[in-house]
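Trainee:
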Ligand code: NAD
């Protein structure tokens, strides 16, 4: 059911978002990209996806902190590629500090990027999905959408929020062919967690590789990271017709993190 559909994936210039973009492209889906990257990096990503998978791509550099830019990203992607049938709200940032010392601006930015932007993309993409009576919205939450960790108040609040947004919006469209779900990964080795690993390496005076194992051991019982490829496969499944009755769920892929 996927060839010819159009997906808009926020934060798809690296990490999980880029992997999801390639997975969906491999199914014949045209790809709307977003995220921060140098122009030559964007050109390289677009070339790679277009030549490898023979699909169309479009890039919009919206800063998701800015509501007006989020709206134009949805509108311009839809204009360039014909529609937005699949929306993957993936962009996200992290900041680690106690609540007492957490900079107010940082808190607001995390809520804006990790939560409010997903509300806005949903608001502007959903009408066209409802017109066609087919659509998929997948919100990349986190285990931190279900449980907390210390010194991550903004991230945990935003991720719990996006799980709530997922449930509420999924119910609004439950009788239609549009499904809205969240995905809750544990540790995935991307740029987002490199600083967290490096901090442990510095703190315990150990190598980056040893610090990576230490990080996994603290929370993830499998002591094995989730791969971006595995997440891409889960998201592709959620886009399939087999998943049409999965609505408002928060799928974990976390090596057992939240089973504890
Ligand atoms: P990443 O840093 O590799 O990718 C983040 C993407 O978001 C990049 O493309 C970046 O350019 C983009 N981005 C950041 N700020 C933006 C802004 N203001 N406007 C537009 N784009 C912006 O990180 P990742 O690990 O691939 O994270 C992707 C998602 O997965 C995030 O929502 C993150 O919270 C979630 N997640 C990651 C992990 C993990 O362990 N890596 C675990 C659970 C959930």
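Residue numbers (the working numbering): 1155 to 1414. Backbone N, C-alpha and C define an ideal beta-carbon position, used for all residues, glycine too.
1. Do residue 1255 and residue 1293 have their C-beta atoms within less than 8 Å of each other?
2. On the premise that residue 1180 lies in contact with residue 1207, defined as a C-beta separation below 8 Å, what is that separation, rounded to the nearest angstrom?
3. Please find out if some non-hydrogen atom of ligand 1 comes closer than 7 Å to the beta-carbon of residue 1400.
4. Here's the rule: buried if 16 or more other CB atoms are within 10 angstroms of the residue's CB, otherwise exposed. What is residue 1413?
5. Examine ligand 1 and report whether any of its heavy atoms sits within less than 7 Å of the Cβ of residue 1387.
6. Looking at the secondary structure, which residues open and close the beta strand (DSSP E) in which residue 1407 lies?
7. Suppose contacts are defined by Cβ-Cβ distances below 8 Å. Is residue 1271 in contact with residue 1325 by that definition?
8. For residue 1097, which residues from the same chain have a beta carbon less than 6 Å from its beta carbon, with the 5 sequence-adjacent residues on both sides left out?
9. Using 7 Å as the cut-off, classify the Cβ of residue 1265 as near or not near the heavy atoms of ligand 1, replying yes or no.
10. Could you tell me which residues DSSP puts in a beta bridge with residue 1333?
11. Between residue 1246 and the rest of its own chain, which residues show a CB-CB distance below 6 Å, the 5 nearest in sequence each way excluded?
12. Taking only heavy atoms of ligand 1 into account, decide whether any of them is closer than 7 Å to the Cβ of residue 1163.
13. Any heavy atom of ligand 1 inside 7 Å of the beta-carbon of residue 1342?
14. Going by CA-CA distance only, name the one from 1343, 1232 and 1385 that's closest to residue 1365.
15. Measuring CB to CB, does residue 1312 end up less than 8 Å from residue 1264?
16. Given the structure, does residue 1375 come close to ligand 1, in the sense that its CB is under 7 Å from one of the ligand's heavy atoms?
17. Decide if the segment 1227–1241 is in contact with the segment 1198–1217; the criterion is three or more beta carbon pairs, one per stretch, under 8 Å apart.
18. What do you reckon, is the C-beta of residue 1395 under 7 Å from a heavy atom of ligand 1?
19. Pop quiz: residue 1203 and residue 1350 are said to be a contact at Cβ under 8 Å. What is the actual Cβ separation, rounded to whole angstroms?
20. Looking only at its chain, what residues have a beta carbon closer than 6 Å to the beta carbon of residue 1241, apart from the 5 residues adjacent to it on each side?
21. Just reading off the beta strand (DSSP E) that residue 1214 is part of, what are its end residues?
22. Going straight from the alpha carbon of residue 1319 to that of residue 1273, what length do you get?
23. Do residue 1289 and residue 1239 have their CB atoms nearer than 8 Å?
24. Who are the Cβ neighbours of residue 1260 in its own chain at under 8 Å, not counting the five residues just before and after it?
25. Going by DSSP, what residue range makes up the beta strand (DSSP E) through residue 1241?
Mentor: According to the data block:
1. Within the chain shown, residue 1255 is the residue found at index 101, counting from 1. Within the chain shown, residue 1293 is the residue found at index 139, counting from 1. Against a cut-off of 8 Å, the Cβ pair of residue 1293 and residue 1255 comes out as no contact.
2. Counting from one through the chain shown, the residue named residue 1207 turns up at place 53. Counting from one through the chain shown, the residue named residue 1180 turns up at place 26. So it is a contact: roughly 6 Å between Cβ atoms.
3. Position 246 of the chain shown holds residue 1400. Checking the Cβ of residue 1400 against ligand 1 gives no.
4. Translated into positions along the chain shown, residue 1413 becomes position 259. Result: exposed.
5. Looking up residue 1387 in the chain shown gives position 233. No, ligand 1 has no heavy atom inside 7 Å of this Cβ.
6. For the purposes of this step, residue 1407 is identified with residue 253 of the chain shown, where counting begins at 1. Boundaries of the beta strand (DSSP E) harbouring residue 1407: 1404–1407, taken from the DSSP string.
7. Residue mapping note: residue 1271 aligns to position 117 of the chain shown, counting from 1. Residue mapping note: residue 1325 aligns to position 171 of the chain shown, counting from 1. Going by C-beta atoms, residue 1271 is not nearer than 8 Å to residue 1325.
8. In the structure displayed, the chain extends from 1155 to 1414; residue 1097 sits before or after that span and is not available.
9. For the purposes of this step, residue 1265 is identified with residue 111 of the chain shown, where counting begins at 1. Because no heavy atom of ligand 1 lies under 7 Å away, the Cβ of residue 1265 does not count as near it: no.
10. Numbered from its first residue, the chain shown carries residue 1333 at position 179. Bridge partners of residue 1333: 1290.
11. Taking the chain shown and counting its residues from 1, one reaches residue 1246 at position 92. Only 1268 meet the Cβ criterion.
12. Counted from its first residue, the chain shown places residue 1163 at position 9. Residue side-chain check: residue 1163 keeps its Cβ at 7 Å or more from all non-hydrogen atoms of ligand 1.
13. Indexing the chain shown from 1 puts residue 1342 at position 188. It does: the Cβ of residue 1342 is within 7 Å (strictly closer) of some heavy atom of ligand 1.
14. Residue numbering aside, residue 1365 sits at position 211 when the chain shown is read from its first letter. Checked all of 1343, 1232 and 1385; the closest Cα to residue 1365 is 1343.
15. Mapped onto the chain shown, residue 1312 falls at position 158. Mapped onto the chain shown, residue 1264 falls at position 110. With contacts defined as CB atoms closer than 8 Å, residue 1312 and residue 1264 qualify as a contacting pair.
16. The residue given as residue 1375 occupies position 221 in the chain shown. In terms of side-chain proximity, the C-beta atom of residue 1375 is found no nearer than 7 Å to any non-hydrogen atom of ligand 1.
17. By the C-beta criterion, the segment 1227–1241 is judged to be in contact with the segment 1198–1217, since at least 3 inter-stretch pairs fall below 8 Å.
18. Taking the chain shown and counting its residues from 1, one reaches residue 1395 at position 241. Outside the cutoff, so no.
19. Here the question's residue 1203 lines up with position 49 in the chain shown. Here the question's residue 1350 lines up with position 196 in the chain shown. Between residue 1203 and residue 1350 the beta-carbon gap is near 29 Å, outside 8 Å, which marks them as no contact.
20. The residue given as residue 1241 occupies position 87 in the chain shown. So the list reads 1162, 1275, 1279 and 1291, once near-sequence residues are dropped.
21. Indexing the chain shown from 1 puts residue 1214 at position 60. Under the DSSP assignment, residue 1214 falls in the beta strand (DSSP E) whose first and last residues are 1211–1214.
22. The residue labelled residue 1319 in the question sits at position 165 within the chain shown. The residue labelled residue 1273 in the question sits at position 119 within the chain shown. Looking at the two C-alpha atoms, the distance is approximately 7 Å.
23. For the purposes of this step, residue 1289 is identified with residue 135 of the chain shown, where counting begins at 1. For the purposes of this step, residue 1239 is identified with residue 85 of the chain shown, where counting begins at 1. It is a contact, given that the beta carbons lie within the stated cut-off.
24. Taking the chain shown and counting its residues from 1, one reaches residue 1260 at position 106. 1249, 1251 and 1308, listed in sequence order.
25. One-based indexing of the chain shown puts residue 1241 at position 87. Element bounds for residue 1241: 1240–1243.
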